[in-house]
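Notes for the one structure printed next.
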Amino acid sequence: MGRKLLLEHAQVEGIRSYEVYRKQGGYRSVEKALKTMSPDGVLEEVKKSGLRGRGGAGFPTGMKWSFLAKPEGVPRYLLCNADESEPGTFKDRYLMEKIPHLLIEGMIVSSFALGANTSYIYIRGEYSWIVFILEKAIQEAYANGWLGKNILGSGYDLDLYVSPGAGAYICGEETALIESLEGKRGNPRVKPPFPAVKGLWQSPTVVNNVETIAAVVPIVNEGGDEYAKIGIGKSTGTKLISAGGNINRPGVYEIELGVPVEEFIYSDEYCGGMKNGKKLKACVPGGSSVPILPHFLINRTANGEQRLMTYESLSDGGFATGSMLGSGGFIVYDEDQCIVRNTWNFARFYRHESCGQCSPCREGTGWMEKVLWRMENGQGKMSDIDMLVDIAKKIEGNTICPLGDAAAWPVAAAIRHFREEFEWHVNEPKACMERNYGLVREPVAV
Amino acid sequence: MPKVKIDGFEIEVPDGTTILQAARMIGGDIVPPAMCYYSSLKGSGSKCRTCMVKVTKGSDKDPRPMPKLVTSCQTMVMDGMEVANTSSEEVLKARAGVVEFLLLNHPLDCPICDQAGECHLQDLAYEHGASGTRYEFERRTFEKIDIGPYIKLHMTRCILCYRCVYVANQLTENRVHGILNRGDHAEISTFIEKAIDNEFSGNMIDVCPVGALTDRTFRFKSRVWFLNPMDAHRDCPTCSGNAVVWMYGNEIFRVTGRKDQYGEVHEFICNTCRFEKKAVSDWHIEGPRNIDRHSVIAQGHYGQKALTVR
């Protein structure tokens, strides 16, 4: 049984309310940080912990914080990125819904470390009910003196606001999030300047994922060194994984980084094995943007080592034979699932969510979606497969923000590992329609 | 003063110069094409991705090459930087890809488009595009709409460069049009029908690189290459009054701003000059305009000066 740092008290009755949360040891880290530590001391602990960004890119949080420019007389901001919209990922929702005070506690400690006096939680528009949960929790925190002026008599002031978005995936990109928070159209900005220098209202800003901010709480409580003992190598601490797909027990699991992937899928503690005893076909280990892995590369890497749930092990072998931990949206496919259909579904999502600012992403995502839709409907051509690879290559790396990469990677990886299935779709359109939809009919023109 | 080398040509430029500006200082074939960048509009650029170049050496201090292609309109020059534009196969391939993307939903009907002859996308496709398209689906189309008394919007041709949005933001009193929707169904439109009625709104036509925004007082009156562009000025209380009048015989067909060789206007003119002053007596005509970018317009045999340029 792995240690749980974030979801330890998630099942306690009434943990959503302040009283129960406080009774379970909540807000200890605020007391510790504000009474006994300096802002740099907190930063030092986070650096020691080796915590890496949980939103997808895995950038060391301590380093990100230390990049924050600190000019005199300019306010600094901490933004919490709760715009969790990656298909397959639902960990932040679970955390905010169950233990909203954990996020608020993390926000207070992190804002203290960064010297921010105003902080925002930018939450996805679809999580409308969580806005009320968070606002109620913030009210309770104000009422009990954890927010507002002169917190715990330390002279530190903090105001915390919740700001709902309108449901755009692109607003999870940090500069688009800032634009959206400023009330503009959520188009990503050109970097540099980076948000750490010029972010929200042209002031230095740090944007962190919900889970990253929540993880600061156990780091301050137990110390960075203690936190770093969990995990393997540079992947320290615990990570929330949202497991979905054809498994017996889908849900959010907190794992110690370093659990073998095989154990994660098959052990009863986590996913509980494949549903109906079917065979494992493929797995997307970190949300829809990361490359898909075929069954023979899930449990073992290309050079025969055991694949572990760590940043390094999952990306072992680069994109040729590896993938990424990403945001932790773990999707498992059994033998009956159609990779072409799945790829089309992802492509459709990225087409819909592209902001339309730069041309490769705007036009390329739509093109890929149309070609994949045609293939799925039995009108595909053999040359389409190479064309898709070519389109993906031309989008990747040529866009302002990473959405272009995120749209190109799953298509390129699916063709890399499942080319036969794409070819089968082209050669046997009737047979694949029968498998996917259970009907025998002539392919329709699209 | 940093020194930068672009395709082997070295130049010393002031601090804070972008690669594109440095390339334009050198001039010639090594200048990357730009569809969305407009030097006089703050914040423009980096959207079309046609100006991407390869930085093969970061600077003297940090000689590592940059991992990805960078947009030359946004990337600042560093001392000792080496840039490959036309000499890099990778850049040309990526640019051909971008041109293909731009042409996916753009109609390929230049013969019936009013912008033909002075269209940047036409030039770009001619230089970097493929001879055919691989796109086999229906293109996105829109109805033509009047977005104001003088401007016609044909959204089908738009490449979403955002230049007209920046014009409205930076030149006019308030912006009443913008981008609606997102992705490949994004469109430029006014929030209220026919709402654009501002003294400087006509500049949206000048900055539009394609035929999406056109002059309603000139549409389909004549092909641009049949007209003789003349530098002219008038005493205007609102703008500088420096413009180009496009003449056929003794008749003025249209008035535009003075575009430089990269198609950029630096002195924006007002709507009175552009749409209402169309009599020869309104203008002091200085002489033939130097046209060296739009070769097809320079075909007009109206002055020795125009013919001798390049």
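So the protein sequences, as listed, match chains A and B. Going by the numbering used here, 393 is the number at position 393 of the first sequence; the sequence numbering is gapless. One gets the numbering used here by counting positions in the second sequence from 1 and adding 446 to each. Quick reminder that beta carbons are idealized off the backbone N, C-alpha and C, glycines included.
Among the candidates the options, whose CA atom is the shortest distance from the CA of residue i?
| i | options | result |
| --- | --- | --- |
| residue 215 of chain A | A:42, A:418 and A:434 | A:42 |
| residue 425 of chain A | A:375, A:26 and A:412 | A:375 |
| residue 694 of chain B | B:631, B:674, B:678 and B:736 | B:674 |
| residue 366 of chain A | B:685, B:655 and B:632 | B:632 |
| residue 274 of chain A | A:298, A:249 and A:253 | A:249 |
| residue 242 of chain A | A:99, A:84, A:151 and A:428 | A:84 |
| residue 421 of chain A | A:281, A:398 and A:154 | A:281 |
| residue 358 of chain A | A:348, A:393 and A:400 | A:400 |
| residue 567 of chain B | B:628, B:602, B:657 and B:743 | B:657 |
| residue 436 of chain A | A:339, A:121, A:390 and A:348 | A:339 |
| residue 353 of chain A | A:413, A:402 and A:122 | A:402 |
| residue 682 of chain B | B:709, B:661, B:659 and B:720 | B:720 |
| residue 122 of chain A | A:89, A:158 and A:182 | A:182 |
| residue 175 of chain A | A:99, A:159 and A:80 | A:80 |
| residue 95 of chain A | A:117, A:210 and A:26 | A:210 |
| residue 735 of chain B | B:717, B:702 and B:647 | B:702 |
| residue 590 of chain B | B:636, B:581, B:629 and B:574 | B:636 |
| residue 708 of chain B | B:556, B:470, B:465 and B:451 | B:470 |
| residue 489 of chain B | B:662, B:458, B:622 and B:521 | B:521 |
| residue 418 of chain A | A:258, A:73, A:321 and A:8 | A:321 |
| residue 103 of chain A | A:27, A:36 and A:167 | A:27 |
| residue 698 of chain B | B:729, B:688, B:487 and B:463 | B:729 |
Tell me whether the beta-carbon of residue i lies closer than 8 Å to the beta-carbon of residue j.
| i | j | result |
| --- | --- | --- |
| residue 287 of chain A | residue 323 of chain A | no |
| residue 145 of chain A | residue 311 of chain A | no |
| residue 70 of chain A | residue 164 of chain A | no |
| residue 533 of chain B | residue 453 of chain B | yes |
| residue 246 of chain A | residue 127 of chain A | no |
| residue 551 of chain B | residue 363 of chain A | yes |
| residue 685 of chain B | residue 714 of chain B | yes |
| residue 540 of chain B | residue 342 of chain A | no |
| residue 148 of chain A | residue 142 of chain A | yes |
| residue 330 of chain A | residue 260 of chain A | no |
| residue 137 of chain A | residue 39 of chain A | no |
| residue 224 of chain A | residue 30 of chain A | no |
| residue 347 of chain A | residue 389 of chain A | no |
Got a sec, what are the start and stop residues for the alpha helix (DSSP H) residue i sits in?
| i | result |
| --- | --- |
| residue 342 of chain A | 339 to 353 |
| residue 454 of chain A | This structure cannot speak to residue 454 of chain A, because chain A is shown only from 1 to 446. |
| residue 479 of chain B | Counting along the chain, residue 479 of chain B falls outside any alpha helix (DSSP H), and DSSP gives it neither H nor E. |
| residue 224 of chain A | 224 to 228 |
| residue 61 of chain A | 61 to 66 |
| residue 108 of chain A | 100 to 114 |
| residue 372 of chain A | 359 to 376 |
| residue 650 of chain B | 649 to 653 |
| residue 699 of chain B | Element bounds for residue 699 of chain B: not the alpha helix (DSSP H) but the beta strand (DSSP E), 697 to 702. |
| residue 712 of chain B | Neither: residue 712 of chain B is in no alpha helix (DSSP H) and is coded neither H nor E. |
| residue 656 of chain B | Residue 656 of chain B -> no alpha helix (DSSP H), and no H or E assigned at all. |
Could you tell me how far apart the beta carbons of residue i and residue j are, in whole angstroms, since I believe they sit closer than 8 Å?
| i | j | result |
| --- | --- | --- |
| residue 548 of chain B | residue 579 of chain B | Residue 548 of chain B to residue 579 of chain B, Cβ: 11 Å. No contact. |
| residue 515 of chain B | residue 356 of chain A | The pair is not a contact, with the Cβ atoms about 21 Å apart (cut-off 8 Å). |
| residue 496 of chain B | residue 512 of chain B | Not really, about 18 Å apart at Cβ, beyond 8 Å. |
| residue 255 of chain A | residue 238 of chain A | 6 Å |
| residue 119 of chain A | residue 78 of chain A | 4 Å |
| residue 406 of chain A | residue 289 of chain A | 3 Å |
| residue 450 of chain A | residue 50 of chain A | The structure shown does not extend to residue 450 of chain A, since chain A spans only 1 to 446, so no value can be given for it. |
| residue 221 of chain A | residue 4 of chain A | That pair is no contact at about 13 Å. |
| residue 553 of chain B | residue 510 of chain B | With 8 Å as the limit, residue 553 of chain B and residue 510 of chain B do not qualify as a contact, their Cβ atoms being about 43 Å apart. |
| residue 493 of chain B | residue 537 of chain B | Residue 493 of chain B to residue 537 of chain B, Cβ: 18 Å. No contact. |
Looking at the secondary structure, which residues open and close the beta strand (DSSP E) in which residue i lies?
| i | result |
| --- | --- |
| residue 567 of chain B | No beta strand (DSSP E) holds residue 567 of chain B; the alpha helix (DSSP H) holding it covers 566 to 574. |
| residue 733 of chain B | 730 to 734 |
| residue 458 of chain B | 455 to 458 |
| residue 385 of chain A | Premise fails: residue 385 of chain A lies in the alpha helix (DSSP H), 382 to 395, not in any beta strand (DSSP E). |
| residue 137 of chain A | Unbroken run through residue 137 of chain A is the alpha helix (DSSP H), 128 to 143; no beta strand (DSSP E). |
| residue 437 of chain A | Element bounds for residue 437 of chain A: not the beta strand (DSSP E) but the alpha helix (DSSP H), 429 to 437. |
| residue 725 of chain B | No beta strand (DSSP E) holds residue 725 of chain B; DSSP gives it neither H nor E. |
Exercise. Pairing CB atoms from the segment 97 to 114 of chain A with CB atoms from the segment 225 to 243 of chain A, are three or more of them under 8 Å?
Worked result: no
For this session: Say whether the segment 558 to 576 of chain B touches the segment 668 to 688 of chain B, bearing in mind that this needs 3 or more beta-carbon pairs closer than 8 Å, one atom from each stretch.
Result: yes
Exercise. Should the segment 123 to 138 of chain A be called in touch with the segment 48 to 58 of chain A, which here means at least 3 C-beta pairs below 8 Å?
Worked result: no
Exercise. Is it true that the segment 85 to 99 of chain A meets the segment 10 to 21 of chain A, where meeting means three or more beta-carbon pairs spaced less than 8 Å apart?
Worked result: yes
Problem set entry | Cβ contact (3+ pairs, closer than 8 Å) linking the segment 16 to 31 of chain A and the segment 293 to 302 of chain A | no
For this session: State whether the segment 606 to 623 of chain B contacts the segment 583 to 590 of chain B, with contact taken as three or more CB pairs (one from each stretch) at a distance under 8 Å.
Result: no
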